[in-house]
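Anchor point for the sequence shown: position 384 equals 384 in the UniProt record's numbering, and the numbering is continuous, going up by one each time. Report on the structure given below.
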Amino acid sequence: MDLAVREARAGRAFSFRARLSRSEGAEDGAGLYLNTLVSAVRDDQGRIVRLLAKSEDVTAETESSAFLNTVIDVLPLALTVKDARTGRFILANRAAETLFDRVGGLAGLKPAEVLPSSLAEWTAAAMTRGRETAVHEDHGRGGVRYLEATKVATYDDDGLRHLIGLAEDVTQRQRDADALRSALEQAERANHARSAFISNITHEIRTPLNGVIAGADLLDSRADTVDIREIAAMIRASATSLQHRFEDLMAVSRMGAAPSAPKAGPFEPTAFAEQLVAPHRAAAEAKGLALHLEISPDLPARLLGDAEALGRILTPLLQNGLKFTDRGEIRLRIEGRENGVIRFACLDTGVGFAPEKKDALFTPFHQSDDALTRRFGGMGLGLALAREQARAMGGEVDGEPREGGGSVFWLDIPLAAVCDDPGAAAAQGRMNVLVVDDHPTNRRIVEMMLDGVADVVMAEDGVEAVEAVERERFDLILMDIQMPRMDGITAVARIRDREQAAGRPPAPIIMLTANTQAEHVAACREAGANRHLGKPFTSAGLFGEIQAVMGH
1 MDLAVREARA GRAFSFRARL SRSEGAEDGA GLYLNTLVSA VRDDQGRIVR LLAKSEDVTA
61 ETESSAFLNT VIDVLPLALT VKDARTGRFI LANRAAETLF DRVGGLAGLK PAEVLPSSLA
121 EWTAAAMTRG RETAVHEDHG RGGVRYLEAT KVATYDDDGL RHLIGLAEDV TQRQRDADAL
181 RSALEQAERA NHARSAFISN ITHEIRTPLN GVIAGADLLD SRADTVDIRE IAAMIRASAT
241 SLQHRFEDLM AVSRMGAAPS APKAGPFEPT AFAEQLVAPH RAAAEAKGLA LHLEISPDLP
301 ARLLGDAEAL GRILTPLLQN GLKFTDRGEI RLRIEGRENG VIRFACLDTG VGFAPEKKDA
361 LFTPFHQSDD ALTRRFGGMG LGLALAREQA RAMGGEVDGE PREGGGSVFW LDIPLAAVCD
421 DPGAAAAQGR MNVLVVDDHP TNRRIVEMML DGVADVVMAE DGVEAVEAVE RERFDLILMD
481 IQMPRMDGIT AVARIRDREQ AAGRPPAPII MLTANTQAEH VAACREAGAN RHLGKPFTSA
541 GLFGEIQAVM GH
């Protein structure tokens, strides 16, 4: 204040900002900031007759500015602001001073005087967008480091005004990314080498095994003495045991791998079952066991599914039945259950298992009893792998002991019935069907398949599909997954939300897509789809799915 008075008496107006303590009765006890202008008032002769002081309360402005400066300084990112007209920094926080090793501050300096060359050139380059981000390599005295920088331009009526910069040291992140990339490349090379090795070793082992087993069969067919037949039987049994151990090793290599895409197609359950048990009849006869087929008369004549994958799941169930049964029979029973589920059950009269041991049966490399392992051998993989494959296809493998001895293991899996007359699937009336696919050929193919049984409305993506559902009601929706603008899974979720909001019953939705991995199927179901049919598909396959979802 004294300085202000002296300046005013000297004829110069003086402005200053001061903090005053509020009275004890003040509401919050905080200080008061005032901007004060002191000037002299003169008489007609120019003599100072009094001093005039004018004060303005700038507490809110001062505290807001102080808070903003604190926020800027505690930011972990380096913040700079450059005047676009002078090309010099007008603001920099502490993180910027530390990152660019300028403890004295950056204000008044140009980027070329402070920043690494590549970053300075990038900062000086013309802006092509309102915001740009890039990673720069800095070869400084401390070695190579990587800086990720973002620049944002601000404009006024005269054009570019300021260039705001944010930067951080991402050296460790870059090194981690490089290490991860290198590890992934190594893993891919190792996986390719492993696949090539497995393919080669499979050929190298199966070929001689085939010679041994086939040779033993020939020897047995031409033997003229009991001793020779006994030797042939021992050779066959040993070679078969070796084959089973090799199959176990191959199963180990497949465990945990992504399941292959199901190859759905129509098949006859009776013919499928006969082909499944045929290779095991000789082993059953050798042990004096009966091997029976029991197929429910109510089962559809044809089913839609991956018969090859079903065979891989059911074979271990049959093999276990034969292995652990010394007297009695093995029975494969096929019957329909609720909700389109088909049960394939393998019943035996063997050693059975204690109920509390069931979890161990489905654990890789475990069996229910060590004594059984020593007696029958095996690696304890068959049931674990069968369950893994079944779940990947939307099914389940389970089992339980049978009263009186033995056990039963089954596969429950949803399989649609195939309608031999496609038009019969829609016999109850002409349907209104929405077909959603971004590929015109695919839309046309489905339209031709539905010719004569449905009125078809086309949509090229999820956005058009949602709009179509808002306009009209559909008896059925056939939806692709991978499409521009909006994918099929998102579209299904939106459609279900709109149906619920409008109080309408949900329209059946079948996903028609090449994405047939287990996680894709699960995502479709979670979004609200009813069924899932992998591409490529046939008319029989499509109408089988329609029949399953429509109930007729």
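Backbone N, C-alpha and C define an ideal beta-carbon position, used for all residues, glycine too. Note that this is a predicted model, so its numbers are computed, not measured.
What is the residue span of the alpha helix (DSSP H) that residue i lies within?
i      : result
Asp497 : 488-502
Ala120 : 117-124
Ala271 : 269-277
Phe67  : 59-74
Val341 : Taken as a continuous stretch (DSSP letters only), Val341 belongs to no alpha helix (DSSP H), being part of the beta strand (DSSP E) at 341-348.
Leu411 : Not the alpha helix (DSSP H): Leu411 falls in the beta strand (DSSP E), residues 407-414.
Val351 : Note, Val351: premise wrong, no alpha helix (DSSP H); not H, not E.
Lys358 : 358-361
Going by the CB atoms, is the gap between residue j and residue i shorter than 8 Å?
i      : j      : result
Thr513 : Gln482 : yes
His280 : Leu310 : no
Leu99  : Ala167 : yes
Arg443 : Glu470 : no
Ala507 : Asp455 : no
His162 : Val81  : yes
Asp101 : Pro116 : no
Ala78  : Leu119 : no
Arg430 : Val457 : no
Gly87  : Lys54  : no
Gly394 : Pro414 : yes
Ala392 : Leu411 : no
Ala107 : Leu91  : yes
Ala233 : Leu304 : no
Ala264 : Asp306 : yes
Go to residue i, then tell me how far its beta strand (DSSP E) extends in each direction, as first and last residue.
i      : result
Met511 : 509-513
Asn320 : It is not in any beta strand (DSSP E) - Asn320 instead sits in the alpha helix (DSSP H) that spans 307-323.
Phe89  : 88-92
Thr441 : Per DSSP, Thr441 belongs to no beta strand (DSSP E); it is in the alpha helix (DSSP H), 440-449.
Lys151 : 143-156
Asp169 : 159-169
Arg333 : 329-336
Arg42  : 31-42
Pro401 : 396-401
Gly534 : 531-534
Leu385 : Looking at the DSSP string, Leu385 is not in any beta strand (DSSP E); the run it does join, the alpha helix (DSSP H), is 382-392.
Arg17  : 14-21
Val456 : 454-459
Candidates the options: which alpha carbon is nearest residue i's?
i           : options                        : result
Glu294      : Ala282, Lys287, Pro269, Leu303 : Pro269
Asp57       : Leu77, Val41, Thr36            : Thr36
Tyr33       : Ala501, Thr62, Pro505          : Thr62
Leu478      : Gln243, Arg485, Ala491, Glu113 : Ala491
Ser407      : Cys346, Asp461, Arg391         : Cys346
Arg333      : Arg327, Ser296, Phe362         : Ser296
Leu385      : Arg443, Arg312, Asp176         : Arg312
Leu160      : Ile445, Asp83, Val351          : Asp83
Arg85       : Arg145, Leu20, Thr154          : Thr154
Gly352      : Val38, Asp73, Leu91, Gly405    : Gly405
Leu533      : Leu276, Glu472, Gly544         : Gly544
Val418      : Thr349, Pro111, Phe267         : Phe267
Gln172      : Gly265, Val135, Asn432         : Val135
Gly382      : Phe246, Gly452, Asp451         : Phe246
Phe14       : Leu52, Val71, Gly215, Ala233   : Leu52
Ala284      : Ser238, Gly305, Arg331, Phe272 : Arg331
Thr216      : Pro316, Ile205, Arg236         : It should be noted that the sequence gives Ala, not Thr, for residue 216. Comparing Cα positions, the closest option is Arg236.
Leu276      : Leu314, Ala390, Leu450, Ala501 : Leu314
Arg525      : Ile546, Gly503, Arg496, Asn200 : Arg496
Phe324      : Arg391, Phe344, Phe409, Ala392 : Phe409
Gln500      : Ala223, Gly528, Arg131         : Gly528
Ala290      : Asn530, Leu318, Glu7           : Leu318
Leu242      : Ala548, Asp227, Lys287, Pro208 : Pro208
Asp359      : Arg387, Asp348, Glu308, Ala125 : Arg387
Val144      : Val170, Ala124, Glu132, Asp156 : Val170
Asp298      : Ala307, Val341, Gly328         : Val341
residue 594 : Ala183, Asp348, Gln547, Pro300 : Missing from the structure shown is residue 594; the chain here goes from 1 to 552 and no further.
Arg42       : Val433, Gly31, Val466, Arg12   : Arg12
Ile509      : Met486, Ala465, Glu188, Gly503 : Ala465
Give a yes or no on whether the minimum CB-CB distance between residue i and chain B is below 8 Å.
i      : result
Asn530 : The chain labelled as chain B is not found in the depicted structure, where only one protein chain is given.
The ligand ZN and residue i: does the residue's C-beta get closer than 7 Å to at least one heavy atom of that ligand?
i      : result
Arg312 : Questions concerning the ligand ZN fall outside what the structure shown contains, since it holds no ligand whatsoever.
(message) Counting beta carbon pairs with one atom in the stretch 432-439 and one in the stretch 451-461, are three or more of them shorter than 8 Å?
(response) yes
(request) Spell out a yes or no on whether the stretch 333-344 and the stretch 280-290 are touching, meaning 3 or more CB-CB pairs, one atom from each, closer than 8 Å. (result) no
(request) Check whether the stretch 92-107 touches the stretch 172-180, taking contact to mean three or more Cβ pairs, one atom from each stretch, closer than 8 Å. (result) no
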